[in-house]
Each structure stands twice: as C-alpha cells, then as structure tokens.
Amino acid sequence: MTLPRFTLLFLLATATMAHGQSPSFNRYTDDLPQLLETDAVTVMARGMTHDFAAKICGRLDGDVAATVVAEVTEWRKRNDMFFRGASAALNEIGDRHLPVGGEQAKQGYFQSVLVTTAKATNQRLMKQLNGATLDNSVLPPEAACMGLSRMLHDGVGDFKNTPEVTRALVSYMQRKSILSSNTR
73 MTLPRFTLLF LLATATMAHG QSPSFNRYTD DLPQLLETDA VTVMARGMTH DFAAKICGRL
133 DGDVAATVVA EVTEWRKRND MFFRGASAAL NEIGDRHLPV GGEQAKQGYF QSVLVTTAKA
193 TNQRLMKQLN GATLDNSVLP PEAACMGLSR MLHDGVGDFK NTPEVTRALV SYMQRKSILS
253 SNTR
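Numbering (the working numbering), first residue to last: 73 to 256.
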C-alpha cells in the first residue's frame with residue numbers, strides 16, 4: 073500500500089517544520105554549493121595549520137623560530153585575498169541559518185566549523201611535528217620546521233598554486249569582486 077504523493081509531501085514538510093526548519097531552507101543552494109563550503113573551510117584550516125605550526129616552531133628559539141614565523145607571516149599576506157574570500161563565503165552560508173534559528177543558529181554553525189577545523193589541524197600537526205601541539209610543551213623537530221619554512225618560501229602552499237583546493241572559492245571570489253579574474 074503506497075501513500076499518495078501529496079500525503080508523502082505533506083508528511084515530509086510537517087517533519088521538516090517540526091525540526092525548526094522551513095521547507096525552503098537549504099544551505100546548499102545553487103549559489104552556495106557544498107564545494108564552496110569545503111573550499112572555504114580548507115583555506116581556513118590551512119591558515120590555522122600554518123599559524124599553529126609557527127607558534128609551535130617558535131619553541132625552538134633562535135634562527136629556526138624566527139625564519140618560520142617570518143615565512144608564515146609572508147605566506148599569510150600573499151594569501152590574504154583567499155582568507156577574505158573564505159571568510160565571506162562562510163559568513164554568507166552562516167547567514168542562511170538566520171531565518172531558521174536566528175543568531176544562535178548562525179553562531180552554532182560557526183562553532184561547528186571552528187571545532188572541526190581546529191581538531192583536524194591539531195591532528196595534522198601532531199603527525200607532522202612528532203607529537204608537538206599547542207596543548208603540550210613537546211619540542212618539534214627542527215628539520216620539520218625548516219621544511220615548512222622552505223615550502224612556504226617557495227610558494228608551494230600558496231592557494232594560487234593549488235587550484236584543486238580553491239576551484240569553487242575562486243569563482244565565488246570573482247562573483248563577489250574579492251578576486252579579479254586576471255589575478256588568478
């Protein structure tokens with residue numbers, strides 16, 4: 073025995089509203105696809121990874137620490153437009169939560185992105201820096217810190233050199249005039 077389509081749609085709409093969402097709410101709309109959200113979070117995670125690594129490598133003191141901090145600072149400046157684009161995209165996606173849950177829902181979205189990003193960053197750093205994290209006082213290997221410094225200096229980690237990570241974000245940034253098409 074099958075339910076008529078109308079009844080099924082009615083039950084689906086009722087169930088959706090019972091969970092505090094309007095039937096029209098969809099954070100993966102045509103203008104803000106899931107790929108854009110993934111790209112934006114990836115950009116923020118990489119930035120967080122390099123920032124955390126610079127702080128951890130700073131424990132070494134001396135030239136190594138100074139070099140890593142300087143390279144991360146320069147890398148961040150070179151990639152600033154991508155961070156601005158990622159931030160704008162995540163804000164716009166977060167704004168989609170306002171009609172269904174207000175500012176609290178938007179802040180909940182940001183909190184979930186931050187927690188997920190920080191957790192992934194911490195795990196990545198533990199592997200790359202032999203257990204050193206912001207949560208402990210383990211000294212990272214000098215070679216790993218110098219490797220990071222060289223990679224950043226050479227531009228290998230620049231977002232303009234990794235289009236597979238920012239394809240949807242670049243289109244979004246061009247639409248929003250954050251990035252001109254000839255910059256990329």
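Even glycine gets a Cβ: it sits at the ideal position worked out from N, Cα and C.
Note that the structure is predicted; figures quoted are calculated from it, not measured.
| query | result |
| --- | --- |
| Are the region 167-179 and the region 148-158 touching by the rule of at least three beta carbon pairs closer than 8 Å? | no |
| Please classify ASP111 as buried or exposed, where buried requires at least 16 neighbouring CB atoms within 10 angstroms. | buried |
| Do the CB positions of LEU197 and ILE128 come within less than 9 Å of each other? | yes |
| Taking Cβ positions, are PRO212 and LEU201 nearer each other than 9 Å? | yes |
| Can you tell me whether DSSP reads LYS248 as helix, strand or coil? | coil |
| Tell me, please, whether the region 158-172 touches the region 131-149 by the rule of three or more beta-carbon pairs shorter than 8 Å. | no |
| Buried or exposed for GLU143, please, with buried defined as at least 16 other CB atoms from any protein chain shown within 10 angstroms of its CB. | buried |
| Less than 7 Å between C-beta atoms, sequence neighbours within five positions excluded: which residues of the same chain meet that for SER243? | none |
| Compute the Euclidean distance between the alpha carbons of MET120 and THR193, then round it to the nearest angstrom. | 7 Å |
| So, are the CB atoms of ALA126 and VAL140 less than 9 Å apart? | yes |
| For VAL185 and LEU162, which I take to be in contact (beta-carbon distance under 8 Å), what is that distance rounded to the nearest angstrom? | 6 Å |
| What are the uninterrupted segments assigned as alpha helix (DSSP H) that are 4 or more residues long and contained completely in the region 131-171, given in chain order? | 134-150, 152-167 |
| So the candidates are ASP123, ASN233, THR188; which of them puts its Cα closest to the Cα of CYS217? | ASP123 |
| Assign ARG118 to one of two classes, buried (16 or more other C-beta atoms within 10 Å of its C-beta) or exposed (fewer than that). | buried |
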